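As structure tokens, this is what we get:
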């Protein structure tokens, strides 16, 4: 009978992760990304290591497949399709099982049925989901408070920060759907954008005033919310 092998600290060895770190190049890349805090692009890894971009990409993707890195497109809210940015995966509390199952089923559905922009489809689905979740939150709250309640209930560990220009930043310190991120990063991030905007809309705020920036902080993804003041102008 095969016995479970354990590492020096008594944890079971993960063969896939062990193989992913079986080369000095990948081990050093993992340390580079970890030190960067906010993550690194393929080009930045290539510049720091001297590796060809295709080689750097292959190493990074191997680390993603092993669950050691996660990736997302950090755009700063700008249009277009920016480069992937890779960041070290951390152990985080998952969302409740029904939510994870729902999101996994949605991603599979989008992958099979969507003939257009998967991100747009995921955003629309998330928008409806956000409205549904916000409807269960006690009324007579400010829109940002409602959004915080929804994000907290999903397991994002949100923290509010005041930014310049009247913008509110909400730092998401955990990703409760981390196990699903690498299945389709574009779709899962777009789904989160939709949840944020649907929640705000249900709470009476314009959904267009919210942007989600993956990896915008060293230890968090950031939601930026700009709401109009009493005159209808952005605060």
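Numbering (the numbering used here), first residue to last: 32 to 266. Beta carbons are placed, not taken as given, at the ideal position from N, Cα and C, and that holds for glycine. Here the structure is a predicted model, which means the values were calculated and not measured.
Which one of the options has the shortest CA to CA distance from residue i?
| i | options | result |
| --- | --- | --- |
| residue 201 | 175, 217, 216, 157 | 175 |
| residue 136 | 99, 194, 215 | 215 |
| residue 199 | 184, 211, 178, 183 | 178 |
| residue 250 | 59, 158, 90, 188 | 188 |
| residue 164 | 151, 233, 102 | 233 |
| residue 169 | 154, 89, 91, 230 | 230 |
| residue 64 | 184, 94, 171 | 94 |
| residue 80 | 138, 92, 112, 59 | 59 |
How many Å lie between residue i and residue j at the Cα?
| i | j | result |
| --- | --- | --- |
| residue 156 | residue 217 | 14 Å |
| residue 197 | residue 236 | 15 Å |
| residue 194 | residue 256 | 10 Å |
| residue 84 | residue 75 | 9 Å |
| residue 225 | residue 182 | 12 Å |
| residue 162 | residue 227 | 9 Å |
| residue 54 | residue 172 | 53 Å |
| residue 167 | residue 67 | 39 Å |
| residue 184 | residue 92 | 31 Å |
| residue 97 | residue 89 | 12 Å |
| residue 240 | residue 82 | 40 Å |
| residue 223 | residue 112 | 17 Å |
Answer with buried or exposed for residue i, where buried requires no fewer than 16 other C-beta atoms within 10 angstroms of its C-beta.
| i | result |
| --- | --- |
| residue 180 | buried |
| residue 140 | exposed |
| residue 238 | buried |
| residue 103 | buried |
| residue 192 | exposed |
| residue 57 | buried |
Taking CB distances under 7 Å as the criterion, tell me whether residue i reaches chain B.
| i | result |
| --- | --- |
| residue 252 | Protein chain content of the structure displayed is limited to a single chain, and chain B is not contained in it. |
Note down, in chain order, each residue of its chain lying with its Cβ closer than 7 Å to the Cβ of residue i, except the 5 sequence neighbours on either side.
| i | result |
| --- | --- |
| residue 124 | Its pLDDT being 49, under 50, residue 124 is placed unreliably in this model, and the coordinates cannot settle the point. |
| residue 159 | 229 |
| residue 258 | 174, 236, 240, 266 |
| residue 148 | none |
May I ask whether a heavy atom of the ligand MN can be found less than 6 Å away from the beta carbon of residue i?
| i | result |
| --- | --- |
| residue 72 | The ligand MN is not among the ligands present in this structure, which contains no ligands whatsoever. |
Near residue i, what residues of its chain come up, given a Cβ to Cβ distance below 6 Å and the 5 sequence neighbours on each side ignored?
| i | result |
| --- | --- |
| residue 70 | 116, 117, 118, 246 |
| residue 190 | 202 |
| residue 253 | 200, 202, 244, 247 |
| residue 221 | 150, 153, 154 |
| residue 108 | For residue 108, the predicted model reports a pLDDT of 49, less than 50, meaning its position is unreliable; a value from the coordinates is still stated below. The answer, listed in chain order, is 242. |
| residue 87 | 73, 76, 77 |
To which residues of the same chain is residue i closer than 8 Å at the C-beta, ignoring the five residues directly before and after it?
| i | result |
| --- | --- |
| residue 114 | 72, 73, 74, 104 |
| residue 61 | 52, 94, 99, 100, 119 |
| residue 219 | 134, 138, 153, 208, 211, 212 |
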